[in-house]
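Residue numbers (our numbering): 148 to 289.
Structure first, then comments.
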(Lines of atoms letter the chains of each structure in order from A and count residues from 1; the text may use other names and numbers.)
(Lines give C-alpha, C1' and ligand atoms only; values in the text may rest on other atoms or scores of the structure.)
Protein backbone atom coordinates (compact mmCIF):
# COMPACT_ATOMS: atom_id res chain seq x y z
CA UNK A 1 0.00 0.00 0.00
CA UNK A 2 2.97 2.33 -0.35
CA UNK A 3 4.24 2.39 -3.92
CA UNK A 4 6.59 5.32 -3.20
CA UNK A 5 8.92 3.10 -1.16
CA UNK A 6 10.78 -0.05 -2.23
CA UNK A 7 10.00 -1.37 1.22
CA UNK A 8 13.12 -3.34 2.13
CA UNK A 9 12.38 -4.68 5.60
CA UNK A 10 15.71 -6.54 5.68
CA UNK A 11 18.44 -4.21 4.43
CA UNK A 12 22.04 -5.22 5.10
CA UNK A 13 23.28 -2.04 3.44
CA UNK A 14 21.41 0.24 5.84
CA UNK A 15 21.08 -1.85 9.00
CA UNK A 16 24.60 -1.96 10.43
CA UNK A 17 23.58 -4.54 13.03
CA UNK A 18 23.29 -7.28 10.39
CA UNK A 19 27.01 -7.71 9.58
CA UNK A 20 27.69 -8.54 13.22
CA UNK A 21 25.80 -11.82 12.98
CA UNK A 22 25.55 -12.39 9.22
CA UNK A 23 29.07 -11.51 8.07
CA UNK A 24 29.36 -10.29 4.52
CA UNK A 25 25.61 -9.90 4.05
CA UNK A 26 24.61 -7.34 1.45
CA UNK A 27 21.04 -8.43 0.73
CA UNK A 28 18.11 -6.07 0.52
CA UNK A 29 14.79 -7.89 0.72
CA UNK A 30 11.14 -7.21 1.28
CA UNK A 31 10.63 -10.09 3.72
CA UNK A 32 7.93 -8.84 6.05
CA UNK A 33 4.26 -8.58 5.21
CA UNK A 34 1.00 -7.67 6.90
CA UNK A 35 -1.53 -10.26 5.78
CA UNK A 36 -5.30 -10.28 5.98
CA UNK A 37 -7.57 -13.14 5.03
CA UNK A 38 -9.88 -12.68 2.07
CA UNK A 39 -13.02 -10.87 3.17
CA UNK A 40 -11.44 -9.25 6.25
CA UNK A 41 -13.77 -6.29 6.90
CA UNK A 42 -11.20 -3.52 7.27
CA UNK A 43 -10.11 -0.37 5.47
CA UNK A 44 -6.60 1.08 5.48
CA UNK A 45 -6.68 4.77 6.36
CA UNK A 46 -2.94 5.34 5.91
CA UNK A 47 -0.29 3.74 3.69
CA UNK A 48 1.76 0.94 5.20
CA UNK A 49 5.00 2.41 6.54
CA UNK A 50 8.13 1.18 8.27
CA UNK A 51 9.30 1.88 11.79
CA UNK A 52 12.44 0.99 13.74
CA UNK A 53 14.46 1.60 10.59
CA UNK A 54 16.90 4.01 12.24
CA UNK A 55 19.63 3.19 14.78
CA UNK A 56 18.80 3.74 18.43
CA UNK A 57 21.94 5.85 18.76
CA UNK A 58 23.30 7.57 15.70
CA UNK A 59 26.92 6.99 16.74
CA UNK A 60 26.77 3.18 16.87
CA UNK A 61 25.44 0.14 15.06
CA UNK A 62 22.54 -0.61 17.37
CA UNK A 63 19.26 -1.09 15.53
CA UNK A 64 16.25 -2.53 17.39
CA UNK A 65 16.21 -5.62 15.14
CA UNK A 66 17.59 -7.12 11.95
CA UNK A 67 14.21 -6.44 10.32
CA UNK A 68 12.40 -3.14 10.10
CA UNK A 69 8.86 -3.14 11.43
CA UNK A 70 5.71 -2.47 9.44
CA UNK A 71 2.62 -0.65 10.60
CA UNK A 72 -0.65 0.43 9.12
CA UNK A 73 -3.69 2.16 10.57
CA UNK A 74 -6.98 0.56 9.70
CA UNK A 75 -10.60 0.69 10.75
CA UNK A 76 -13.09 -2.16 10.77
CA UNK A 77 -15.91 -0.14 9.29
CA UNK A 78 -16.58 3.29 7.91
CA UNK A 79 -18.08 5.62 10.49
CA UNK A 80 -18.92 9.33 10.62
CA UNK A 81 -15.59 9.88 12.43
CA UNK A 82 -13.50 8.56 9.55
CA UNK A 83 -15.69 9.51 6.56
CA UNK A 84 -13.43 12.48 5.79
CA UNK A 85 -10.62 9.97 5.15
CA UNK A 86 -12.80 7.87 2.85
CA UNK A 87 -10.96 9.05 -0.26
CA UNK A 88 -7.69 7.59 1.01
CA UNK A 89 -9.20 4.40 2.44
CA UNK A 90 -8.39 1.09 0.80
CA UNK A 91 -10.36 -2.06 1.31
CA UNK A 92 -8.17 -4.76 2.81
CA UNK A 93 -10.56 -7.51 1.72
CA UNK A 94 -9.45 -7.10 -1.91
CA UNK A 95 -5.98 -8.01 -3.07
CA UNK A 96 -3.68 -5.18 -4.10
CA UNK A 97 -2.81 -5.67 -7.80
CA UNK A 98 0.50 -3.83 -7.42
CA UNK A 99 1.56 -6.14 -4.58
CA UNK A 100 0.60 -9.20 -6.63
CA UNK A 101 2.60 -7.83 -9.55
CA UNK A 102 5.68 -7.25 -7.36
CA UNK A 103 5.48 -10.75 -5.88
CA UNK A 104 5.03 -12.33 -9.33
CA UNK A 105 7.95 -10.32 -10.71
CA UNK A 106 10.19 -11.33 -7.79
CA UNK A 107 9.28 -15.01 -8.20
CA UNK A 108 9.90 -15.01 -11.96
CA UNK A 109 13.06 -12.90 -11.94
CA UNK A 110 15.13 -14.59 -9.30
CA UNK A 111 18.28 -13.91 -11.32
CA UNK A 112 19.08 -10.69 -9.43
CA UNK A 113 20.50 -12.64 -6.48
CA UNK A 114 24.05 -12.60 -7.89
CA UNK A 115 25.17 -9.49 -5.96
CA UNK A 116 23.98 -11.13 -2.73
CA UNK A 117 26.15 -14.22 -3.16
CA UNK A 118 29.57 -14.13 -1.55
CA UNK A 119 32.77 -15.33 -3.15
CA UNK A 120 34.90 -17.84 -1.23
CA UNK A 121 37.53 -15.26 -0.23
CA UNK A 122 34.99 -12.67 0.89
CA UNK A 123 33.04 -15.29 2.84
CA UNK A 124 36.23 -16.53 4.55
CA UNK A 125 37.24 -13.00 5.56
CA UNK A 126 33.72 -12.21 6.78
CA UNK A 127 33.45 -15.41 8.85
CA UNK A 128 36.93 -14.89 10.35
CA UNK A 129 36.15 -11.33 11.42
CA UNK A 130 32.81 -12.50 12.78
CA UNK A 131 34.49 -15.25 14.83
CA UNK A 132 36.93 -12.70 16.28
CA UNK A 133 34.05 -10.35 17.12
CA UNK A 134 32.07 -13.16 18.79
CA UNK A 135 35.17 -14.14 20.80
CA UNK A 136 35.64 -10.55 21.96
CA UNK A 137 31.98 -10.36 23.01
CA UNK A 138 32.25 -13.69 24.86
CA UNK A 139 35.35 -12.48 26.72
CA UNK A 140 33.71 -9.16 27.59
CA UNK A 141 36.15 -7.16 25.48
CA UNK A 142 33.47 -5.71 23.22
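Every residue, glycine too, gets a C-beta built ideally from N, C-alpha and C.
Can you tell me whether residue i is buried or exposed? The criterion is at least 16 other CB atoms within 10 Å of its CB, across all chains shown.
| i | result |
| --- | --- |
| residue 218 | exposed |
| residue 266 | exposed |
| residue 156 | buried |
| residue 278 | exposed |
| residue 158 | buried |
| residue 252 | exposed |
| residue 154 | buried |
| residue 234 | Low confidence applies to residue 234: its pLDDT is 46, below 50, so where it sits in the model is not reliable enough to give any reading. |
So, under 8 Å CB-CB, residue i and residue j are touching, yes? Tell me the CB distance rounded to an integer number of Å.
| i | j | result |
| --- | --- | --- |
| residue 189 | residue 223 | 5 Å |
| residue 166 | residue 174 | Not really, about 11 Å apart at Cβ, beyond 8 Å. |
| residue 221 | residue 191 | 5 Å |
According to DSSP, is residue i helix, strand or coil?
| i | result |
| --- | --- |
| residue 217 | strand |
| residue 284 | helix |
| residue 222 | strand |
| residue 267 | helix |
| residue 276 | helix |
Ignoring anything shorter than 4 residues or poking outside the region 158 to 202, list the alpha helix (DSSP H) runs there in chain order. none
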